[in-house]
DNA sequence: TTTTGTGAACTAGTTCACAGCT
DNA sequence: AGCTGTGAACTAGTTCACAAAA
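Chains as they are written, first to last, in the numbering used here: chain A, 50 to 274; chain B, 50 to 274.
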């Protein structure tokens, strides 16, 4: 075969895996967790697709890109594939996350249980209000002064930043994040942020999401013929 | 010309506008707001593209699909195009939003200033804890019992629901939302939710987003040859 | 027989490039 | 001259369908 890379270590070109693909890998991992909890040992792309409304060929293609994890005639071993996916997604280690902005949203995200799963640790909150600095979130995440970001990011080995500051400060804050050596950013502020090419930025834009729903509703009304 | 629909009222087929397109319409609207605030009266697709890192042809194509809003040799009138976009996105009226779940995340979203802009109104929070029912968010959004959802959704004319409940209750809650006649849902809980075909579901999956960033970081490390 | 891994076919989305309007 | 609106070309992403492996 001439798959891009065989079982062992997929350290190689992998030029540019589409974001759609990486998102799906994460979804597959969640499906496998559910199956494992249900005591399922082995699963075919077929049955995975049926249970979780996915496409079997796409599952196979996504997985095959990273190695030959399946067994013909059998399917995939759930535990085995989970392990591979966790390794591919870089979840085989603890990743520390900092949240920029200890406002409503930042504090809520800091204590969000979904984050703690799968190896993420919310290590710190950062804010510029001295009243907040030194406090902790309800869940116990310490709030630091944003000026100490570089120092603490290094000390705590923070590799991901979440931007939860008001829109007008977002670009400035993301610049500090980048300057502190963090190379992956999840942005909740509306609008566009500039980051260098070697930094990965993912944005969750609530305004865009809501307006897109609004469009759908407006269309429905129009359709009422 | 035979554009799908001319200026007047774009009430027609519009079969299935891609979600990528509707998201961009929302982005364009934000760009126009910025330009208007800066006192710009007219803008070409070219300059819009340069300023906001978009593609000029795509802007033109997206807009042209809904009508001929531009003027050849001139570009688009900012105020005029804003008005058209707001109408297309259904923002030419107040849309009321309910948030399901008055936990950390629900309360944070209820008071999130980004939502209030552009005609959205967070009208209500819903929870099943009697200790919370009757209270209000810091910003003053009332917390209702989830059993009153149908009644209050009708009374207040709520057309969008945001799911901010823990993952295990999400499917149940979304079923209540659908039963109450709401047809647009923004979901923050991880995992898949089932909704009927005539209900629009948009999901923001924080786990998937973070894991996708983790993948990127893992790749970078691998690249260090 | 069952099910993977994968070329080939197809579908969706983006960008180019230019005719035609102002 | 300048810029839109749009067919045509291109690129990306998905699904099909089947040979080969277990």
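For each residue, glycine too, the CB sits at the ideal point set by N, CA and C. All values derive from a computational prediction rather than experimental measurement.
| Asked | Found |
| --- | --- |
| Would you say the stretch 130-143 of chain A touches the stretch 183-199 of chain A, given that touching needs at least three Cβ pairs under 8 Å? | no |
| Could you tell me which chain B residues have their CB closer than 7 Å to the CB of residue 251 of chain A, listed as they occur along the chain? | 258, 261 and 262 |
| Taking C-beta pairs closer than 8 Å, name the residues in chain B that residue 91 of chain A reaches, listed in chain order. | Here the premise fails: no neighbours, minimum Cβ distance about 22 Å. |
| Check for me: the alpha helix (DSSP H) holding residue 96 of chain B runs from which residue to which? | 94-101 |
| Are residue 68 of chain B and residue 261 of chain A close, meaning C-beta to C-beta below 8 Å? | yes |
| Runs of 3 residues minimum, wholly inside the stretch 155-202 of chain B: which ones carry the beta strand (DSSP E) assignment? | 169-176 and 192-194 |
| Using a beta-carbon distance below 8 Å, is residue 63 of chain B in contact with chain A? | Any reading at residue 63 of chain B must be qualified, since the residue scores a pLDDT of 49, below 50, and its modelled position is unreliable; the value itself is stated next. Taking Cβ atoms only, chain A reaches closer than 8 Å to residue 63 of chain B, which makes this a yes. |
| To the nearest angstrom, how far is it from the Cα of residue 265 of chain A to the Cα of residue 130 of chain A? | 38 Å |
| Would you say residue 127 of chain B reaches chain A, if we count a Cβ-Cβ gap shorter than 8 Å as a contact? | no |
| How close, in whole Å, do the beta carbons of residue 234 of chain B and residue 255 of chain B come, if the pair is a contact with beta carbons under 8 Å? | Actually they do not touch by this definition, with Cβ atoms about 17 Å apart. |
| State the DSSP-derived secondary structure class of residue 69 of chain B, mapped to helix, strand or coil. | helix |
| Round the Cβ separation of residue 263 of chain B and residue 231 of chain B to the nearest angstrom and send it over; I've been treating them as touching at under 8 Å. | About 34 Å separates the two Cβ atoms, so there is no contact after all. |
| What's the C-alpha gap between residue 160 of chain A and residue 85 of chain B? | 38 Å |
| Consult DSSP for residue 110 of chain A and reduce its assignment to one of helix, strand or coil. | helix |
| Specify whether the stretch 171-187 of chain B and the stretch 140-160 of chain B touch according to this definition: at least 3 beta carbon pairs, one from each stretch, less than 8 Å apart. | yes |
| Measure the beta-carbon distance from residue 72 of chain B to residue 257 of chain A and round it to whole angstroms, keeping in mind my assumption that it falls under 8 Å. | 5 Å |
| Of all Cβ atoms in chain B, is any one closer than 8 Å to the Cβ of residue 74 of chain A? | yes |
| List the whole-angstrom C-beta distance separating residue 119 of chain A from residue 125 of chain A, where the pair is believed to meet the contact cut-off of C-beta under 8 Å. | 5 Å |
| When burial is assigned at 16 or more other CB atoms within 10 Å of the CB, is residue 239 of chain A buried or exposed? | buried |
| Spell out whether any CB of chain A is found under 8 Å from the CB atom of residue 180 of chain B. | no |
| So residue 108 of chain A contacts chain B; which residues on that side make the cut at Cβ distance below 7 Å? | Result: empty, since nearest Cβ-Cβ is about 15 Å, beyond 7 Å. |
| Of all Cβ atoms in chain A, is any one closer than 8 Å to the Cβ of residue 137 of chain B? | yes |
| How would you call residue 150 of chain B, buried or exposed, if buried means at least 16 neighbouring beta carbons within 10 angstroms? | buried |
| Since residue 249 of chain A sits in a beta bridge, which residues does DSSP pair it with? | A:233 |
| For a contact meaning CB atoms closer than 7 Å, what does residue 265 of chain A contact in chain B? | 233 and 249 |
| Can you tell me which of the three DSSP states residue 145 of chain A falls into? | strand |
| Using the beta-carbon count (16 or more within 10 Å), is residue 123 of chain B buried or exposed? | exposed |
| Under 8 Å Cβ to Cβ from residue 28 of chain B, same chain only, skipping five residues before and after it: list those, please. | There is simply no residue 28 of chain B to check, as chain B begins at 50 and stops at 274 in what is shown. |
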